[in-house]
Every structure is written in C-alpha cells, then in structure tokens.
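A.B. asks: The working numbering puts the first residue of the sequence shown at 2, with every later residue one more than the last.
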Amino acid sequence: MMTAGIACGLFILEEVSPTAMTDGPQNAEVHPPEEAPPEQKANTRRTMSRKTESTIERETAVRGLENVVAGDTRICTVDGGSGSLIYCGYEIRELAAQASFGEAVYLLWHGELPTEAELDTFRARLVGEMRLPSQVIEMIKLSPPSAHPMDLLRTAVSALAMYDPEAEDRSSEACERKAVRLLAQTITIVADMHRVRHRLPVLSADLDMSFGANFLYMLRGKLPTEEEIAAFELLLMLHLEHGFNASTFAARVTASTLSNMHAALTSGLGTLKGRLHGGANERALNIFSKVDGIEEIEDYIDGMLNEGKRVMGFGHRVYKVEDPRARLLRSHSQTLCARADMAELSAIATRVEQVVLDRKGIYPNVDFYSAIVQHALGIPKSYFTAIFACARTAGWLAHIREQYADNRLIRPTSNYTGPIGKTARPIEERS
Ligand code: COA
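1) Using the three-state DSSP reduction, which class does Phe-245 fall into: helix, strand or coil?
2) Assuming Ala-390 contacts Met-151 under a Cβ cut-off of 8 Å, what Cβ separation, rounded to an integer in Å, is found between them?
3) Using 10 angstroms around the beta-carbon of Thr-258, count the other beta-carbons present and answer buried if the total reaches 16, otherwise exposed.
4) Is the segment 182-201 in contact with the segment 138-145, if contact means three or more CB pairs nearer than 8 Å?
5) Looking at chain B, is there any beta carbon in it that lies within less than 8 Å of the beta carbon of Glu-234?
6) Who does Glu-92 pair with in a DSSP beta bridge?
7) Residue range of the beta strand (DSSP E) that Glu-283 falls in?
8) Which value, in whole angstroms, describes the spacing of the CA atoms of Asn-68 and Cys-176?
9) Please report the Cβ distance between Glu-92 and Ser-85, rounded to the nearest whole angstrom; I am assuming they are in contact, meaning their Cβ atoms lie under 8 Å.
10) In whole angstroms, what separates the C-alpha of Pro-38 from that of Met-313?
11) For Pro-365, which of helix, strand or coil comes out of DSSP?
12) Buried or exposed for Ile-190, please, with buried defined as at least 16 other CB atoms from any protein chain shown within 10 angstroms of its CB.
13) Cβ of Arg-318 versus every heavy atom of ligand 1: is any distance shorter than 7 Å?
14) Can you tell me whether Pro-427 is buried or exposed, with buried defined as 16 or more other CB within 10 angstroms of its CB?
15) What is the DSSP secondary structure of Glu-67, reduced to helix, strand or coil?
16) Sorted by chain position, which residues of the same chain lie with C-beta nearer than 6 Å to Arg-284's C-beta, five sequence neighbours on each side aside?
17) State yes or no: is the C-beta of Asn-366 within less than 8 Å of the C-beta of His-333?
18) Determine the closest residue to Leu-237 out of Gln-335, Ala-387, His-111, with distance taken between C-alpha atoms.
19) At which residue ranges does the segment 80-150 contain complete alpha helix (DSSP H) runs of 4 or more residues, listed in the order of the chain?
20) Where does Arg-75 land, buried or exposed, given buried means 16+ other C-beta within 10 angstroms?
21) Considering only the beta carbon of each residue, do Ala-62 and Asn-416 sit closer than 8 Å?
22) Helix, strand or coil: how does DSSP classify Glu-323 here?
23) Tell me whether Thr-258 sits in a helix, a strand or coil according to DSSP, three-state version.
24) If you reduce the DSSP assignment to three classes, tell me which class Glu-60 lands in.
25) On the CB-based measure, 16 or more other CB atoms within 10 Å of its CB, does Met-131 come out buried or exposed?
26) Give me whichever residues DSSP pairs with Phe-315 in a beta bridge.
27) Measure the C-alpha to C-alpha separation of Ile-295 and Met-262 and round it to an integer number of angstroms.
28) What number of angstroms, rounded off, separates the C-alpha of Gly-244 from the C-alpha of Arg-126?
29) Am I right that Ile-363 and Val-356 are in contact with their C-beta atoms under 8 Å? What's the rounded C-beta distance?
30) Is the separation between the beta-carbon of Val-322 and that of Ser-159 shorter than 8 Å?
31) Can you round the beta-carbon distance between Phe-212 and Phe-102 to whole angstroms, since I take them to be within the 8 Å contact cut?
32) For Asn-408, collect the residues of the same chain with a Cβ closer than 8 Å to its Cβ; drop the 5 residues on either side in sequence, then sort them by chain order.
33) Check whether the Cβ atoms of Asn-282 and Ala-372 lie closer than 8 Å to each other.
34) With Glu-234 and Leu-109 assumed to form a contact (beta carbons below 8 Å), what rounded beta-carbon distance in angstroms separates them?
35) Does the beta-carbon distance from Leu-266 to Trp-397 come in below 8 Å?
36) Asp-209: buried (16+ other C-beta within 10 angstroms of its C-beta) or exposed?
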C-alpha cells in the first residue's frame, strides 16, 4: 500500500488493494441514526484526474477515511477483531479491575499509572478545580431551558477560554495545568447546568471525595453509595478514550493549527454530539419505553428489523466481536437495576440482547449498557451524551497535548470533481 503524506496520509494511491482497505484494527467510532444514511453504505471510492486528464496521476479518495492511518499515537489502540481496547499498554479489563477513573486519566496524561501519593495529589488538584467563573454560571442561567445539554456544554467550554489567563500559553507546564482545569470545569458545567435548570442550588465539590463521586454528588445533590460510585467511575473510564474516532480527530485537527486547547475541545464536543457518534446513547433507551413487558420484545424487534431500522446500542463499526466495554458494564447495570427496583429493565435488556443476537448475530455496544447504568443512577436521558463527553474530554486533552508536542498542520487534500477551463464573463453578459 502506498500512502501520500505521512503525518496525515489521507490519500491512498491506486495501488491500494481491497484487502488493505478492510483488514486490521479500525478506530472509527460511528453511531448512525436508526435508518442507515447514505454515508453508511459501502465505502465506494471515486477516482479522477487532477487539472487535466493527461497531466496528473490518478488518486483515490477514501470515503470517511475508513482505515486510513492519520497519525501516530501512544495513547490508545482498538482491535475490533479480538475485542481489545488498550489505554497506554493496559487492556481495559485490567484497568477496570485495578484502577479508578482518576487513575486512568492520570495514565493517559502521564503514560504510567500513579502511585498512591501521586494519585492523592492529582485527585486533590482535579477536585479543587471543580468550579466555574461566575460569568459562565450566568451564561448557563441565561441559556434557553430547551437547549440541548451538549450545545450548552460546547458553548460554555468555548467561553472558558475568555476567562483563562493561560489560554494562549502552549508550554508543557501550562498545558498540564489547563488539562486539569478543563476536565474539572467540563464536569462542573454539566452538573451545574442540571442544578440551574431545575432551580436547585449549585453545589461545591467535596475535597474528600473522588472525582467521579463528586460528579454524581454535584449533579444529583445526594451522596452516592459505594455501588453507584463504582458503576459511574467505570462508565467514565470506559468512555475516556477510543483512538482516532471522529471527535478526537476533530480535536487534533484544531490543535494542529496551534489554536488553543479550549478551541480544540470545542471541536471535539461539536463532533461528538452527532447521532452518528456520541448521540446514540440517548436513543438506546427508547426501546424500553416502547415495550410493555418482556413478552413484547420479540415482536417489537422483529418489527423494527422488518422495517429496516437499527436497534440502537447494538453493533459497532470497529468491534466485530462483543464490545469489551459493554461486557464490563453489564454486571454493574444488573446490580444497579436490582437496587433501584428496576429488575424488569434488566430482564428486558437481557431479552433484547438474546433476540438481536439471534436475529442479526450482533452484540450490544457500550451505549446500550451505558444508557441503562445512567438511567438506574437517575441521570436524565438528555444528559447521557454530555456525560460521555465529560469522560472523553480527558482523552481529547491527552490527544491535544500529544499533537502539540509533535505538531504538523493536518491539512489533507481532495480530488476536485468540478469543471475546469471556464471563461469568466462580465456580469452584464451573463444570462
Ligand atoms: N440493528 C440492526 N441491524 C444492525 C445493527 C443494529 N444496531 N447494526 C448492524 N446491523 C446489521 C446491518 O443491518 C447489516 O445487516 P445485513 O448484512 O443483513 O444488511 C449488518 O448488521 C452489518 O451492518 P453494517 O452497517 O455494515 O455494520 P457497520 O459495522 O457498518 O455498522 C454501526 C456499525 C455502529 C453503524 C451499526 O452497528 C449501527 O447502526 N448500530 C446502531 C447505532 C449504535 O448503537 N451506535 C453506537 C456504536 S458505539
């Protein structure tokens, strides 16, 4: 295979074999609407000549950049064939068994898991930054109550740049401080937004609690149980990173122009919101409100499939086996549902899994169990994507700093498919 461009090889010359296009790990993370849009169809490739048919070599644009290697990273890799997700060398199941969300964030930002002393310092710094400039709280208060949490989150993160005296300082030390601040502030925006919209007092972080526990506490206003903290921290950890997915790539493109970290995060947030990406988890819960009991599931799913609809929360562009994140969240969702008197929800989830596997041979993805866990924790559906975004902010921040550290402007090219050689006439002569 020959690729044009190294740091960002977005064109593949015609020597590319069809096998090279489909084999190997795929890092794209795509969530479609219930009915597959045209972009989801086969990855067709257009070929044309540049300038004139005779002078320019023929190139092939890769639709959706699928399988294109667009850069190097030490942060994360996904192997969809074996169902493996690795953060800085550690399989996700290892981390889920041995580490907290805060430890996983530290790992992504420093390349190593923290010692106890390092974690204490890190946690104290993160929790200590969980507050917002008063102007941003005012902005939240002034926003229309109908605004989607992701729109408000994106706008507020963008606004934070104007109140951060270090916004334009790209030194490694300043970027480290800003990463801590921005992750803490992103979470605080989501918690405060929920409180403000329900006319509840905004809560301050408790310096004695973990980062994830504080997030739940500041959002819901009651101290979470150990079980709730464990489930929520795991959920955050599983959403932290997923390679060069669309939003991470968008954040890196913005960072590559040497724009500030706030701008790069804003790009990531805008990209994650789409229903083909992070927006799928809010829809994954719909099925539970559409059936009256377990006995209706089979008919309901058959009906959907017969109409050519997708069951949201199932299947994955990258994972061809079970999504390891869904497997890890499943048992927490069952425990939480049992405690929250939602045993039927859990039973329905199991039945949905069986029927979809039987009919289509596909497994639930992280969104299916993430939606159930968040619902059992009492988090409103419209916040599901914003919670995902808070966790992914830590991943984006790792990528933004990696991009700054070895930057080359990401600037691909395109195949021009329009006309050439036209003559421009004065306006009065145009008909
Ligand atoms: N519901 C029903 N059928 C599905 C399905 C779903 N969620 N996901 C895939 N399929 C089916 C397709 O209809 C197709 O069936 P066919 O071969 O009989 O036509 C087959 O599985 C392959 O589908 P394809 O679109 O080629 O797979 P993909 O790898 O490109 O799709 C997704 C991956 C994510 C686009 C797809 O699984 C999907 O739409 N999922 C629902 C949205 C979602 O939960 N996204 C979150 C991802 S983390």
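We treat Cβ as the ideally placed atom computed from N, Cα and C, and that holds for glycine. If you're wondering where the values come from, they're calculated on a predicted model, not measured in any experiment.
C.D. replies: Straight from the coordinates:
1) coil
2) 7 Å
3) exposed
4) Yes, the segment 182-201 touches the segment 138-145.
5) Checking the listed chains, one finds no chain B in this structure; it contains a single protein chain.
6) Ile-87
7) Looking at the DSSP string, Glu-283 is not in any beta strand (DSSP E); the run it does join, the alpha helix (DSSP H), is 281-285.
8) 31 Å
9) 6 Å
10) For Pro-38, the pLDDT reaches just 42, beneath the cut-off of 50, and the residue's location in the model is therefore unreliable, leaving the point undetermined.
11) strand
12) Counting Cβ neighbours within 10 Å, Ile-190 comes out buried, since at least 16 surround it.
13) yes
14) exposed
15) Here Glu-67 sits in coil by DSSP.
16) Excluding sequence positions up to five before and after Arg-284, its CB lies within less than 6 Å of the CB of Met-313, all in the same chain and listed in chain order.
17) No, Cβ-Cβ distance for Asn-366 and His-333 is not below 8 Å.
18) Ala-387
19) 93-99, 102-111, 117-129, 135-143
20) exposed
21) yes
22) coil
23) coil
24) The three-state reading of DSSP puts Glu-60 in strand, counting E and B together.
25) buried
26) Pro-365
27) 47 Å
28) For Gly-244 and Arg-126, the distance between alpha carbons rounds to 26 Å.
29) Wrong, their Cβ atoms sit about 11 Å apart, outside the cutoff.
30) Judged by beta-carbon spacing, Ser-159 lies beyond the 8 Å limit of Val-322, meaning their Cβ atoms are not closer than that value.
31) 6 Å
32) Ala-256, Ser-257, Leu-259
33) yes
34) In fact, because the Cβ distance is near 15 Å, the residues do not count as touching under 8 Å.
35) yes
36) Under this definition Asp-209 is an exposed residue.
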